[in-house]
Each structure stands twice: as structure tokens, then as C-alpha cells.
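Residue numbers (the numbering used here), protein chains in the order written: chain A, 2 to 261; chain B, 2 to 261; chain C, 2 to 261. A short write-up of the structure that comes next.
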Amino acid sequence: VTVRRVTLLTDFGTADGYAAAMAGVIAATAPGTCIDHASHAVPQGDVLAAGLALVRYAYLYPEGTVHLVVVDPGVGTDRRALAAAIDGRFFVAPDNGVLTRVLQRDAPASIVGLADPAFEGPVSATFHGRDIFAPAAARLARGEPLDRLGETLTDTDIIRLPLPVPSRSAGRVRGEIVQVDRFGNLITNIPAMWLPAPGAGIVAVGGSSVGPVRRTYGDVERGELLALVGSIDVLEISVRDGSAAARLEADRGAEVTVEV
Amino acid sequence: VTVRRVTLLTDFGTADGYAAAMAGVIAATAPGTCIDHASHAVPQGDVLAAGLALVRYAYLYPEGTVHLVVVDPGVGTDRRALAAAIDGRFFVAPDNGVLTRVLQRDAPASIVGLADPAFEGPVSATFHGRDIFAPAAARLARGEPLDRLGETLTDTDIIRLPLPVPSRSAGRVRGEIVQVDRFGNLITNIPAMWLPAPGAGIVAVGGSSVGPVRRTYGDVERGELLALVGSIDVLEISVRDGSAAARLEADRGAEVTVEV
Amino acid sequence: VTVRRVTLLTDFGTADGYAAAMAGVIAATAPGTCIDHASHAVPQGDVLAAGLALVRYAYLYPEGTVHLVVVDPGVGTDRRALAAAIDGRFFVAPDNGVLTRVLQRDAPASIVGLADPAFEGPVSATFHGRDIFAPAAARLARGEPLDRLGETLTDTDIIRLPLPVPSRSAGRVRGEIVQVDRFGNLITNIPAMWLPAPGAGIVAVGGSSVGPVRRTYGDVERGELLALVGSIDVLEISVRDGSAAARLEADRGAEVTVEV
Numbered sequence: 002v003t004v005r006r007v008t009l010l011t012d013f014g015t016a017d018g019y020a021a022a023m024a025g026v027i028a029a030t031a032p033g034t035c036i037d038h039a040s041h042a043v044p045q046g047d048v049l050a051a052g053l054a055l056v057r058y059a060y061l062y063p064e065g066t067v068h069l070v071v072v073d074p075g076v077g078t079d080r081r082a083l084a085a086a087i088d089g090r091f092f093v094a095p096d097n098g099v100l101t102r103v104l105q106r107d108a109p110a111s112i113v114g115l116a117d118p119a120f121e122g123p124v125s126a127t128f129h130g131r132d133i134f135a136p137a138a139a140r141l142a143r144g145e146p147l148d149r150l151g152e153t154l155t156d157t158d159i160i161r162l163p164l165p166v167p168s169r170s171a172g173r174v175r176g177e178i179v180q181v182d183r184f185g186n187l188i189t190n191i192p193a194m195w196l197p198a199p200g201a202g203i204v205a206v207g208g209s210s211v212g213p214v215r216r217t218y219g220d221v222e223r224g225e226l227l228a229l230v231g232s233i234d235v236l237e238i239s240v241r242d243g244s245a246a247a248r249l250e251a252d253r254g255a256e257v258t259v260e261v
Numbered sequence: 002v003t004v005r006r007v008t009l010l011t012d013f014g015t016a017d018g019y020a021a022a023m024a025g026v027i028a029a030t031a032p033g034t035c036i037d038h039a040s041h042a043v044p045q046g047d048v049l050a051a052g053l054a055l056v057r058y059a060y061l062y063p064e065g066t067v068h069l070v071v072v073d074p075g076v077g078t079d080r081r082a083l084a085a086a087i088d089g090r091f092f093v094a095p096d097n098g099v100l101t102r103v104l105q106r107d108a109p110a111s112i113v114g115l116a117d118p119a120f121e122g123p124v125s126a127t128f129h130g131r132d133i134f135a136p137a138a139a140r141l142a143r144g145e146p147l148d149r150l151g152e153t154l155t156d157t158d159i160i161r162l163p164l165p166v167p168s169r170s171a172g173r174v175r176g177e178i179v180q181v182d183r184f185g186n187l188i189t190n191i192p193a194m195w196l197p198a199p200g201a202g203i204v205a206v207g208g209s210s211v212g213p214v215r216r217t218y219g220d221v222e223r224g225e226l227l228a229l230v231g232s233i234d235v236l237e238i239s240v241r242d243g244s245a246a247a248r249l250e251a252d253r254g255a256e257v258t259v260e261v
Numbered sequence: 002v003t004v005r006r007v008t009l010l011t012d013f014g015t016a017d018g019y020a021a022a023m024a025g026v027i028a029a030t031a032p033g034t035c036i037d038h039a040s041h042a043v044p045q046g047d048v049l050a051a052g053l054a055l056v057r058y059a060y061l062y063p064e065g066t067v068h069l070v071v072v073d074p075g076v077g078t079d080r081r082a083l084a085a086a087i088d089g090r091f092f093v094a095p096d097n098g099v100l101t102r103v104l105q106r107d108a109p110a111s112i113v114g115l116a117d118p119a120f121e122g123p124v125s126a127t128f129h130g131r132d133i134f135a136p137a138a139a140r141l142a143r144g145e146p147l148d149r150l151g152e153t154l155t156d157t158d159i160i161r162l163p164l165p166v167p168s169r170s171a172g173r174v175r176g177e178i179v180q181v182d183r184f185g186n187l188i189t190n191i192p193a194m195w196l197p198a199p200g201a202g203i204v205a206v207g208g209s210s211v212g213p214v215r216r217t218y219g220d221v222e223r224g225e226l227l228a229l230v231g232s233i234d235v236l237e238i239s240v241r242d243g244s245a246a247a248r249l250e251a252d253r254g255a256e257v258t259v260e261v
């Protein structure tokens with residue numbers, strides 16, 4: 002017997018009972034499912050942040066896992082609802098770009114638009130997480146095939162976020178900050194493979210140097226800035242035991258350069 | 002084999018380990034139980050908010066689920082501890098009114114006062130969640146019958162919160178805001194069935210008009226106020242992609258009227 | 002069949018997806034494991050707070066539970082990674098003192114330093130929670146014996162926090178505040194067994210009297226200060242339905258005395 006897992010990622014918080022309502026629907030429809038609350042603390046309506054969080058864990062879970070994402074500023078408009086299968090994992094989410102990063106996986110994606118007839122019972126105007134997305138996730142967790150949930154869409158049909166693209170020319174790499182994490186680390190879009198070896202290069206954020214690329218936090222003293230390759234193989238700027246975001250007053254979108 | 006689930010709702014936060022202590026007791030007493038943390042972020046001591054969150058998810062969970070609620074400003078006084086069975090779900094909570102809304106279910110309720118002899122081991126003065134409520138929830142999750150946990154109480158014996166009652170007279174419905182959710186939506190106590198059709202009526206909060214009843218967020222532009230039927234079939238006032246609570250500076254208790 | 006449980010305690014928050022990444026690794030490596038998020042809200046880098054939270058729940062969980070703790074300001078330095086078995090429970094954590102309190106259990110401890118060869122796949126410089134600690138926890142959850150995870154260490158080999166020690170002389174007990182919890186309760190290091198009976202003694206915080214030792218919150222009026230024995234058998238100072246931390250402006254380290 003395979004244990005199916007459903008993970009939940011929303012911007013609902015937990016206090017109002019909305020997140021638990023989704024869990025309840027899944028528990029009722031697919032008994033025996035493990036429900037993992039990935040997070041309900043995504044900043045409200047921040048589809049970019051949700052997509053980046055999702056890609057950090059989606060493919061670490063085993064095949065068969067259903068990842069449910071409801072960060073949905075478009076609820077109550079005619080935005081579509083999606084279910085997808087990518088590299089053995091399932092995704093259920095609004096069609097608002099939140100799956101952009103998980104779709105970058107080097108694997109074919111099957112995508113369907115959730116069909117109205119698939120919804121059992123009445124659908125509220127305000128809470129599709131409970132009435133549309135959770136029921137679809139539960140059906141996948143129960144083992145129903147994806148194509149029974151709706152009509153197949155082509156990959157180019159769905160909405161993708163225009164992610165910022167890093168560039169490089171002779172001796173210079175240019176990218177930007179794509180996320181500030183809870184520790185104040187500045188996550189960039191500059192891939193590790195474009196970086197010089199530890200000890201070399203000059204990294205700058207918004208024109209301010211933070212020194213060469215380093216190997217690890219221990220390479221600098223506490224409270225010092227450093228640039229290093231983080232856990233998703235991109236350049237990060239950090240302060241050891243501190244916040245680079247606070248130190249540099251830098252936010253999403255700030256330019257990052259590396260002189261190689 | 003039925004998987005039993007226990008949900009937890011408290012105002013403990015998680016950082017101190019109190020919530021995990023309750024989960025540990027349940028895991029030790031009823032191994033194999035799925036423990037779902039509904040929320041530990043209820044505002045401190047806010048029995049009204051806890052009761053409203055609870056009713057949002059309690060009956061979406063399958064029969065046999067045990068819902069444990071510990072928002073308990075009366076710990077250390079002589080308030081009673083309750084366990085109840087309503088429509089196939091179990092509830093364990095202090096007798097402080099937090100079950101008022103789930104008791105409104107159109108189904109008979111069996112209620113017991115948790116008996117002292119039921120407590121195994123010493124009971125602390127400050128943490129009945131761990132020492133009284135979690136053990137009782139675990140016994141129900143293990144399949145013990147309700148009436149073994151204590152003496153049967155009549156429904157009228159227990160404490161109920163005086164929930165505000167909406168009213169209607171010729172052409173006018175009057176109610177109030179009963180909750181502000183995380184998105185700044187203002188949840189009222191006015192039932193959907195009293196409302197005119199979308200497009201009709203004039204809704205006002207504290208005397209300020211927010212226009213007619215609408216069908217969905219997409220009926221107004223981003224940043225605009227609207228009134229619509231929310232996910233628990235009552236009137237809500239919202240700002241599309243914004244906070245009605247901030248816009249109207251309205252809070253629990255504010256008057257809401259609908260000219261039909 | 003035994004259900005294995007892994008609990009997670011970190012200072013990661015949830016919004017960035019780091020906590021879910023650890024859960025994903027465990028789900029992939031040890032399918033069928035129940036994953037309990039104890040907390041991801043430990044104050045950043047606060048090893049003392051994490052250790053105190055951990056001891057509140059660790060031994061309430063059944064034998065065989067794996068407790069994973071990643072509050073790890075030393076990531077990226079040469080601090081060791083540990084796994085331990087104490088009184089039937091397993092612990093996986095950095096060697097930074099976070100296990101000090103659970104090691105005070107009156108039971109022998111087996112401890113290993115996680116061996117490099119034990120790590121499958123590449124290890125990032127910044128996220129040992131995902132790359133080292135979660136895989137080790139998952140292997141224990143899968144039933145692998147502790148000594149396969151690394152080389153045995155002696156108990157005196159590992160780092161312990163210098164916990165403040167209370168003292169007593171004729172008629173006077175002296176200790177300090179070791180934690181302020183979410184409710185503003187001031188948790189001290191003064192053991193219950195050193196206290197006079199309820200109604201006797203004079204307790205003072207930073208020189209200000211808070212009256213005699215009480216039995217329970219109900220012994221004072223709402224809003225009043227009191228001292229009582231809390232849920233881990235030490236003296237606590239509280240305000241009934243309020244915050245003693247706010248009232249007394251007291252924090253970790255403040256002196257607490259009891260005139261017996």
C-alpha cells in the first residue's frame with residue numbers, strides 16, 4: 002500500500018480555519034492521506050514567492066505526492082483552475098503563474114483545466130481552495146487519473162510569470178534578487194555554474210561590493226557580508242548570523258553583478 | 002482499518018513547545034492517529050474567534066474525527082472540561098462557549114463533563130491542554146465510547162456564547178460584523194437567504210454604503226469595495242485584492258444594514 | 002506495524018519552503034512516516050529557546066519517535082552534526098547545546114557524530130537541515146540502528162549550554178527567568194520541590210514582590226500577578242489573563258527570589 006501525501010501551500014494563515022477546511026475536505030475525500038501543511042504564511046497574493054517556495058520542496062517529495070497551492074488573488078474572476086503531472090508529482094493550483102518554476106523541470110508535463118462537472122456540490126464565490134482545488138487534489142490522492150479531472154491543455158496555453166533572466170558578457174555576470182528569505186538572505190537568479198571558484202570574483206548588490214564568492218558562512222566573521230552558492234544552486238548574499246536585507250536595504254529586483 | 006484523525010486548535014503559538022506536547026500525548030496514547038494542526042494562532046483567549054474557525058472545518062472532516070480545542074482563559078478556575086459527539090464528529094474543549102457554533106448543527110449532541118477519574122497521572126495547574134484535554138481526545142481517537150469519559154450533561158447545562166442575532170423588518174436587514182479575517186474581509190451574521198439577488202439592495206457598514214450585493218470579486222475593479230455572499234453563506238464585505246477592515250476602519254460588532 | 006513519527010523543530014518559518022523541503026526528504030526516504038511540525042517559529046538562532054521547547058514535548062511522544070531539531074547558527078562552520086538515542090527516543094541536531102536539556106533525562110544516552118559517508122548526494126553549504134539532518138532522521142525513522150549513522154561519541158564530548166543553576170540558603174531561594182512564553186509567563190529555573198506550600202513564601206522578580214506562591218490562576222483576580230508551579234514543575238510568574246513580561250518588564254536572566 003502506498004501512502005499518498007498532499008501538501009498545502011497558501012497565503013491564508015491558519016487562524017480563520019480556512020486552511021483546516023481544505024484539509025478536512027481532503028481527509029473526507031481521500032481517507033488515509035497524509036496531509037502536510039507546507040506553509041500558510043506566504044505573503045498575501047504573492048504568486049512569485051509561492052512559486053519559489055514550491056520549487057524548493059516539490060521534487061524532494063516522493064512520486065505520487067500531490068502539491069496543492071492556493072495563492073489566488075484571482076478568485077472570483079474567470080482565471081482557470083489547473084491540475085498537472087510533472088516528473089511523477091501532481092500539482093493543483095490556479096492558472097496564475099504559480100507553477101512557472103516547477104514547470105522548468107526537465108521532464109514532460111501533462112496539464113488539465115479543472116472541469117466544472119468535476120466539482121461536486123455548490124461552489125462558493127470566495128473559497129475555491131475548499132470547493133475546487135482541495136477536491137481535485139483529493140481525487141488525485143485517491144488515485145484518479147489526471148485526465149479525468151478536466152480537459153487537456155497544452156503547455157503554452159497556461160500563464161507563466163516572466164521570470165527575470167540573468168545575463169553574462171565578457172568578465173561580467175548580471176542578475177537580480179528574486180527573493181528575500183526569512184533570515185534576510187538575498188536569493189539571486191545567478192546560477193552557480195556561472196560563478197568563479199570560491200575566493201575569486203567581486204560580487205556587488207546595487208553597486209556595493211560584498212567581496213568575492215565564498216564557499217561557506219564560516220569563511221567570514223560573524224556579522225560580515227558574504228556571497229556564496231545557496232541551497233538551490235544560485236548565488237546568495239548573506240550576513241553570517243545576520244540579515245543581508247537589513248544591512249544592504251536591498252529587496253526583490255535589486256541588481257546583482259559579479260566581476261569574474 | 003479506519004484512520005482516526007485528531008485536529009488541534011489553540012492560541013498557544015508553536016514556539017514554546019506546548020502545542021507539540023499535546024500532539025505527543027495523543028501520539029503516545031493513540032498510536033497511528035493522524036494529527037492535524039488546524040491552528041495555534043487563534044488570538045489569545047479569543048473564544049469567539051476560535052468557535053468561528055472551528056465551525057468552518059469541523060463538519061468537512063469525516064465522521065470519527067476528533068476536534069480538540071484549547072482556547073482556555075479559564076484554566077485554573079473551576080470551569081468544566083467537555084467532550085461531545087455531534088453528527089459523527091467528536092469535540093473536546095473547555096466549557097466556555099467555544100462549542101456554541103458547532104452545537105447549532107441540525108443534529109443531536111451527546112455531551113459529557115470530563116470526569117476527574119478519567120485523568121491519568123497528575124494534572125498541572127496551568128496546562129490542561131496536555132493533562133486533561135489531549136488525553137481525552139486520544140481516548141476518543143482510540144475508539145473509547147464517549148460516555149466512558151465522564152458524566153452525561155444536558156445540552157442546556159453547558160455555557161453558550163450570546164451570539165448576536167440579525168433582524169429584518171420591511172425592506173431592511175440589520176446585522177453586525179462577527180469576524181475580521183486575515184484578508185481584512187468583514188464577515189457578518191446576515192444569512193445569504195435574506196439577501197436580494199446580486200445587483201440589488203444597498204449594503205452599508207456603520208452607515209457607509211458599499212453598494213449592492215454582488216456575485217463575486219470579479220464584479221468590481223481591483224481595490225474596490227463590495228458586498229457578497231462568502232464561503233459560509235453569510236454576507237461579507239471585502240475589497241478586491243485589498244482589506245475592507247483597513248478601508249472602512251471597521252471591527253467586530255460594527256453594524257451592517259441591507260436595504261432590500 | 003509501528004508507525005514511526007518524526008517531529009521537526011526549526012527557526013526557519015514556513016513561507017520560504019525550507020521546512021517543507023526537510024519534510025519532503027523524510028517522506029521520500031521513509032515513506033509512511035508521520036511528520037509532525039512541532040514548530041518552525043523558534044526565534045532565529047535561539048538555541049536556548051529551542052532546547053526548552055524540545056524538552057517540553059520530547060518524552061511525551063512514544064518510544065521510537067525521531068525528534069529533528071535544526072536551529073543552527075553554526076551552519077557552514079565545522080560544528081558537528083549529532084544523532085542520539087535517549088530513553089527510547091531519537092534526536093538529530095547540530096552539536097551546539099540544543100540537546101542539553103533532553104540529555105538531563107535520568108537515562109543513558111547513546112550519541113554518534115553523523116559521518117560524512119552517511120550523506121547521500123551533494124551537501125549544500127547553507128542548508129544542512131535538508132542535506133544532512135533530515136536524511137539522518139529519515140534513516141532512523143526507517144529503523145536503521147543509530148550506530149550505523151556515525152562514530153560513537155562520549156557524552157562529555159559534546160557541547161552543553163551552561164544552564165543557570167538556582168541556589169538556596171537559609172530561608173531564601175534564588176534563581177532566574179529562563180524563558181518568556183507566548184502568554185508572557187515568566188518561566189524560572191526554581192524547582193517546585195524547593196517551594197513552600199501554596200499561600201506561603203514571598204516571591205520577587207528583580208526585587209518587586211509578586212506575593213506568595215499560589216496554587217492556580219483562580220486564586221487571584223483577573224489582571225493580577227501571581228507565582229505558581231507551572232507545567233514543567235518549576236516556578237512561573239504570571240498575570241491571570243495577562244502578560245507578566247509586560248507588567249514587570251522582565252526578560253530572560255532577571256533574578257527571581259523566594260523568601261521561604
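Glycine residues also receive a C-beta, built at the ideal position from the N, C-alpha and C atoms.
Proximity winner among the options, relative to residue i (alpha-carbon distances)
{"i": "tyrosine 19 of chain C", "options": "C/Ser40, C/Gly52 and C/Val230", "result": "C/Ser40"}
{"i": "proline 146 of chain C", "options": "C/Val72, C/Glu225, C/Ala84 and C/Tyr218", "result": "C/Ala84"}
{"i": "aspartate 88 of chain A", "options": "A/Ile238, A/Arg106 and A/Thr8", "result": "A/Arg106"}
{"i": "phenylalanine 271 of chain B", "options": "B/Met194, B/Ser209, B/Gly224 and B/Ala110", "result": "Residue 271 of chain B lies beyond the range of chain B shown here (2 to 261); nothing can be said about it."}
{"i": "aspartate 96 of chain C", "options": "C/Ile36, C/Leu141, C/Leu162 and C/Val67", "result": "C/Leu162"}
{"i": "arginine 140 of chain A", "options": "A/Val261, A/Gly65, A/Pro165 and A/Pro192", "result": "A/Gly65"}
{"i": "alanine 142 of chain B", "options": "B/Ala21, B/Leu104, B/Asp17 and B/Asp37", "result": "B/Asp37"}
{"i": "alanine 246 of chain B", "options": "B/Ile191, B/Ala59, B/Glu237 and B/Val181", "result": "B/Val181"}
{"i": "valine 261 of chain A", "options": "A/Ser210, A/Asp252, A/Arg215 and A/Gly202", "result": "A/Gly202"}
{"i": "alanine 16 of chain C", "options": "A/Ala50, A/Arg6, A/Thr30 and A/Ala29", "result": "A/Ala50"}
{"i": "alanine 94 of chain C", "options": "C/Ala108, C/Arg131, C/Tyr60 and C/Ala251", "result": "C/Arg131"}
{"i": "isoleucine 191 of chain C", "options": "C/Ala21, C/Leu229 and C/Ala24", "result": "C/Leu229"}
Per-residue DSSP class, three states only, for residue i
{"i": "valine 43 of chain B", "result": "coil"}
{"i": "arginine 291 of chain B", "result": "Residue 291 of chain B is absent from the model: chain B starts at 2 and stops at 261."}
{"i": "glutamate 260 of chain A", "result": "strand"}
{"i": "valine 124 of chain B", "result": "coil"}
{"i": "isoleucine 233 of chain C", "result": "coil"}
{"i": "threonine 153 of chain A", "result": "strand"}
{"i": "isoleucine 160 of chain A", "result": "coil"}
{"i": "arginine 6 of chain C", "result": "strand"}
{"i": "aspartate 37 of chain B", "result": "strand"}
{"i": "alanine 84 of chain A", "result": "strand"}
Cβ separation of residue i and residue j, assumed to be a contact under 8 Å, to the nearest whole Å
{"i": "glycine 33 of chain A", "j": "valine 4 of chain B", "result": "5 Å"}
{"i": "leucine 115 of chain B", "j": "isoleucine 133 of chain B", "result": "6 Å"}
{"i": "glycine 77 of chain C", "j": "threonine 127 of chain C", "result": "6 Å"}
{"i": "valine 113 of chain B", "j": "aspartate 148 of chain B", "result": "6 Å"}
Proximity below 8 Å, CB of residue i to CB of residue j
{"i": "valine 259 of chain B", "j": "valine 206 of chain B", "result": "no"}
{"i": "valine 43 of chain C", "j": "leucine 69 of chain C", "result": "no"}
{"i": "glutamate 177 of chain A", "j": "glycine 254 of chain A", "result": "yes"}
{"i": "valine 235 of chain C", "j": "alanine 198 of chain C", "result": "no"}
{"i": "arginine 102 of chain C", "j": "leucine 53 of chain C", "result": "yes"}
{"i": "valine 211 of chain A", "j": "isoleucine 238 of chain A", "result": "yes"}
{"i": "aspartate 242 of chain B", "j": "proline 74 of chain A", "result": "yes"}
Neighbour flag for residue i against chain A, beta carbons, 8 Å
{"i": "arginine 184 of chain B", "result": "Reading the sequence as shown, one finds phenylalanine at residue 184 of chain B and not arginine. Answer yes: the Cβ-Cβ gap between phenylalanine 184 of chain B and chain A drops below 8 Å somewhere."}
{"i": "alanine 42 of chain B", "result": "yes"}
Below-8 Å beta-carbon distance, residue i vs any chain C residue
{"i": "alanine 24 of chain B", "result": "yes"}
{"i": "alanine 54 of chain A", "result": "yes"}
{"i": "glycine 114 of chain B", "result": "no"}
{"i": "proline 63 of chain A", "result": "yes"}
is_contact[residue i, chain B] using C-beta, thresh 8 Å
{"i": "tyrosine 58 of chain A", "result": "no"}
{"i": "tyrosine 19 of chain A", "result": "yes"}
{"i": "histidine 38 of chain A", "result": "yes"}
{"i": "valine 76 of chain A", "result": "yes"}
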